[in-house]
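S.K.: For the sequence shown, this note's numbering gives the first residue as 43, with consecutive numbering after it. Backbone N, C-alpha and C fix where the C-beta goes; we use that ideal spot for every residue, glycine too.
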Amino acid sequence: MKKPLIGLTLEQLRDITDAIGLRPFAAKQIASWLYVKRVKSIDMMTDLPLAARSRLAQDYCIGLYPPKDAATSVDGTVKYLFDGVGGRDIESVYIPDGQRATLCVSSQAGCKMNCHFCMTGRQGFNGNLSTNAIINQVLSIPNSHSLTNIVFMGMGEPLDNLSSVLSAIEILTAPWGMAWSPKRITVSSIGKIKELRTLLDLTKVHIAISLHNPFPAERAQIMPVERAFPIRDVIALLANYDFSHQRRLSFEYIMWKGVNDSQRYADALVKLIARLDCRVNLIRFHAIPGSDLLPSTTAAMERFRDSLNDHGITATIRASRGEDIMAACGMLAGKASSLPASPDTISQ
Numbered sequence: 043m044k045k046p047l048i049g050l051t052l053e054q055l056r057d058i059t060d061a062i063g064l065r066p067f068a069a070k071q072i073a074s075w076l077y078v079k080r081v082k083s084i085d086m087m088t089d090l091p092l093a094a095r096s097r098l099a100q101d102y103c104i105g106l107y108p109p110k111d112a113a114t115s116v117d118g119t120v121k122y123l124f125d126g127v128g129g130r131d132i133e134s135v136y137i138p139d140g141q142r143a144t145l146c147v148s149s150q151a152g153c154k155m156n157c158h159f160c161m162t163g164r165q166g167f168n169g170n171l172s173t174n175a176i177i178n179q180v181l182s183i184p185n186s187h188s189l190t191n192i193v194f195m196g197m198g199e200p201l202d203n204l205s206s207v208l209s210a211i212e213i214l215t216a217p218w219g220m221a222w223s224p225k226r227i228t229v230s231s232i233g234k235i236k237e238l239r240t241l242l243d244l245t246k247v248h249i250a251i252s253l254h255n256p257f258p259a260e261r262a263q264i265m266p267v268e269r270a271f272p273i274r275d276v277i278a279l280l281a282n283y284d285f286s287h288q289r290r291l292s293f294e295y296i297m298w299k300g301v302n303d304s305q306r307y308a309d310a311l312v313k314l315i316a317r318l319d320c321r322v323n324l325i326r327f328h329a330i331p332g333s334d335l336l337p338s339t340t341a342a343m344e345r346f347r348d349s350l351n352d353h354g355i356t357a358t359i360r361a362s363r364g365e366d367i368m369a370a371c372g373m374l375a376g377k378a379s380s381l382p383a384s385p386d387t388i389s390q
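Structure representation (structure tokens):
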């Protein structure tokens with residue numbers, strides 16, 4: 043099968059132009075056709091010599107693949123289904139909100155982290171997505187040109203597929219690519235220490251850390267990764283970086299009735315993150331099959347929010363979107379397909 047050009051960085055495109063005898067600047071021309079003009083075929087790259095286009099087309103294709111299906115919520119949220127890997131399709135979610143239009147993208151089919159409250163984590167791990175499969179989610183949806191923000195909060199742990207995610211961020215933010223400001227991108231993570239440090243050092247994107255419980259022993263019961271990457275170690279790493287200007291740090295905190303929504307937890311959370319310049323997003327739990335967890339009441343969430351705000355920590359209650367189409371936080375699972383097991387990286 044022909045190799046996709048979408049998902050390649052400028053350096054990778056230069057390797058290709060060198061191989062077919064084009065001058066180095068041709069790589070920027072191809073990047074512009076792919077990520078700015080968004081052509082559908084190599085033949086449309088009219089500032090490349092015809093012979094070069096012919097040689098390029100022998101081994102490569104553009105590499106855009108439309109969604110397989112879509113579901114629209116009563117609130118306007120749209121969930122898109124794409125071909126995945128390892129027998130599992132993937133999903134991304136388009137969230138319009140006034141002048142803001144956010145796409146929640148997936149980085150893996152399934153997830154290794156096994157968070158007990160997340161449908162993606164409960165289904166197991168099927169494979170990493172290539173950079174092509176990540177950028178394809180951004181470029182191939184009908185709403186692509188209206189996007190203002192991208193969040194790596196879909197299926198998978200982004201830092202468990204760091205190479206593809208970093209390449210995707212480079213394409214999204216580089217002058218030769220889509221030239222987005224890093225402030226339009228947020229990467230959510232459970233906090234893999236080594237990979238988080240790399241992401242912080244190499245990019246300026248916003249960071250969102252899944253916290254959900256300030257007590258390590260209790261957190262480990264719902265998030266097994268606490269044993270490998272203790273939240274206190276994650277916070278110690280984050281304390282070495284400046285989040286007061288261009289980059290924003292937030293903590294995601296899903297709230298469960300009678301589990302983590304009392305004043306005791308609010309006080310412990312304040313103590314845990316007080317030294318950081320950050321905010322807290324309080325998230326209503328969305329019931330998933332096989333879980334006996336219940337969402338906190340609105341009154342409990344508001345008390346928790348007000349307590350954090352009273353202690354100088356900005357806290358907001360995130361509006362729930364797309365629950366009726368299983369597109370809300372923690373509900374993405376993809377659809378099992380008839381594909382046979384395959385290697386970790388999609389080859390399209």
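1. Below 8 Å, is the gap between the Cβ of Leu-241 and the nearest heavy atom of the ligand NAD?
2. Could you check if Met-86 is buried or exposed, using at least 16 other CB atoms within 10 Å of its CB as the buried criterion?
3. Using three-state DSSP, classify Pro-337 as helix, strand or coil.
4. Comparing C-alpha positions only, which one of Leu-171, Ile-296, Thr-215 and Leu-244 sits nearest to Ile-192?
5. What three-state label does DSSP hand Ile-232 in the structure shown?
6. Terminal residues of the continuous alpha helix (DSSP H) containing Tyr-77?
7. Buried or exposed: Pro-382, going by 16 or more other Cβ atoms within 10 Å of its Cβ?
8. So, with DSSP's three-state summary, where would you put Ser-362?
9. If we count the other Cβ atoms within 10 Å of its Cβ and call it buried at 16 or more, is Ser-149 buried or exposed?
10. For the structure I just gave you, are there three or more beta carbon pairs, one from the segment 120-131 and one from the segment 224-237, closer than 8 Å?
11. Hey, out of Ile-330, Leu-318 and Asn-185, whose CA is closest to Ile-355's CA?
12. So, with DSSP's three-state summary, where would you put Met-161?
13. Could you pull out every residue in the same chain whose Cβ sits closer than 6 Å to the Cβ of Met-195, ignoring the five residues on either side in sequence?
14. Using only the alpha-carbon positions, how far apart do Leu-52 and Ile-176 sit?
15. Hey, Arg-97 and Ile-62: beta-carbon distance below 9 Å or not?
16. Any contact of the segment 238-246 with the segment 258-266, i.e. 3+ C-beta pairs under 8 Å?
17. With DSSP as the reference, identify every bridge partner of Asp-125, one or two as the case may be.
18. In this structure, how does DSSP classify Leu-238 when only helix, strand and coil are distinguished?
19. Can you have a look at Gln-179 and say buried or exposed, based on whether 16 or more other CB atoms are within 10 angstroms of its CB?
20. In whole angstroms, what is the alpha-carbon distance linking Ala-278 and Asp-139?
21. Taking DSSP as the reference, what is the three-state secondary structure of Asn-168?
22. Please say whether Leu-64 and Leu-90 have beta carbons closer to each other than 9 Å?
23. On the three-pair Cβ rule with 8 Å, is the segment 291-304 touching the segment 334-347?
24. If you reduce the DSSP assignment to three classes, tell me which class Tyr-307 lands in.
25. With distances taken from CA atoms, which of Lys-110, Ile-137 and Tyr-107 is nearest Val-120?
26. Based on the DSSP output, what are the partners of Gln-150 in its beta bridges?
27. So what's Asp-131 in DSSP terms, helix, strand or just coil?
28. In or out: Glu-344 buried (at least 16 other Cβ within 10 Å) or exposed?
29. With distances taken from CA atoms, which of Leu-50, Met-43 and Pro-46 is nearest Glu-212?
30. To the nearest angstrom, how far is it from the Cα of Leu-76 to the Cα of Asp-111?
31. Under 9 Å between the Cβ atoms of Ile-251 and Arg-289?
M.R.: By the coordinates alone:
1. Among the ligands in the structure shown, none appear at all, so the ligand NAD cannot be discussed.
2. For this step, residue 86 is matched to residue 44 along the sequence shown. Met-86 comes out exposed.
3. Counting from one through the sequence shown, the residue named residue 337 turns up at place 295. Three-state result, Pro-337: strand.
4. Position 150 of the sequence shown, counting from 1, holds the residue named residue 192. Out of Leu-171, Ile-296, Thr-215 and Leu-244, Thr-215 has the C-alpha closest to the C-alpha of Ile-192.
5. Translated into positions along the sequence shown, residue 232 becomes position 190. The answer is coil: DSSP assigns Ile-232 none of H, G, I, E or B.
6. As a first step, residue 77 must be located in the sequence shown, where it is residue number 35. Element bounds for Tyr-77: 68-77.
7. Position 340 of the sequence shown, counting from 1, holds the residue named residue 382. Its pLDDT being 34, under 50, Pro-382 is placed unreliably by the model, and nothing is read from it.
8. Start at 1 with the first residue of the sequence shown, and residue 362 comes out as number 320. Reduced to three states, the DSSP call for Ser-362 is coil.
9. In the sequence shown, counting from the first residue as 1, residue 149 sits at position 107. Under this definition Ser-149 is a buried residue.
10. no
11. Translated into positions along the sequence shown, residue 355 becomes position 313. It is Leu-318 whose Cα lies nearest to the Cα of Ile-355.
12. In the sequence shown, counting from the first residue as 1, residue 161 sits at position 119. In this structure, Met-161 counts as helix in the three-state DSSP scheme.
13. Residue numbering aside, residue 195 sits at position 153 when the sequence shown is read from its first letter. For Met-195, where only same-chain residues beyond five positions count, the Cβ hits under 6 Å are Cys-146 and Ser-230.
14. Indexing the sequence shown from 1 puts residue 52 at position 10. Indexing the sequence shown from 1 puts residue 176 at position 134. Leu-52 and Ile-176: Cα-Cα distance of roughly 17 Å.
15. Along the sequence shown, one-based indexing puts residue 97 at 55. Along the sequence shown, one-based indexing puts residue 62 at 20. It is a contact, given that the beta carbons lie within the stated cut-off.
16. no
17. Here residue 125 refers to the residue found at position 83 when the sequence shown is read from its first residue. Looking at the DSSP assignment, Asp-125 forms no beta bridge with any residue, so it has no partner.
18. On the sequence shown, position 196 is the one that residue 238 refers to. Helix.
19. Here residue 179 refers to the residue found at position 137 of the sequence shown. Per the 10 Å Cβ criterion, buried.
20. Here residue 278 refers to the residue found at position 236 of the sequence shown. Here residue 139 refers to the residue found at position 97 of the sequence shown. C-alpha separation (whole angstroms): 34 Å.
21. For the purposes of this step, residue 168 is identified with residue 126 of the sequence shown, where counting begins at 1. Asn-168: strand per DSSP, three-state reduction.
22. In the sequence shown, counting from the first residue as 1, residue 90 sits at position 48. In the sequence shown, counting from the first residue as 1, residue 64 sits at position 22. Closer than 9 Å, so yes.
23. yes
24. The sequence position of residue 307 within the sequence shown is 265, counting from 1. The answer is helix: DSSP assigns Tyr-307 an H, G or I state.
25. Residue numbering aside, residue 120 sits at position 78 when the sequence shown is read from its first letter. Measuring from the Cα of Val-120, the nearest candidate turns out to be Ile-137.
26. Here residue 150 refers to the residue found at position 108 of the sequence shown. Per DSSP, Asn-170.
27. Looking up residue 131 in the sequence shown gives position 89. Correct three-state label for Asp-131: strand.
28. As a working mapping, residue 344 is identified with position 302 in the sequence shown. It is exposed - the Cβ of Glu-344 has fewer than 16 other Cβ atoms within 10 Å.
29. Translated into the one-based positions of the sequence shown, residue 212 becomes position 170. That would be Leu-50, whose Cα lies nearest to the Cα of Glu-212.
30. Your numbering for residue 76 matches position 34 in the sequence shown. Your numbering for residue 111 matches position 69 in the sequence shown. Looking at the two C-alpha atoms, the distance is approximately 24 Å.
31. By one-based count along the sequence shown, residue 251 stands at place 209. By one-based count along the sequence shown, residue 289 stands at place 247. Cβ distance not < 9 Å, so Ile-251 and Arg-289 don't count as in contact.
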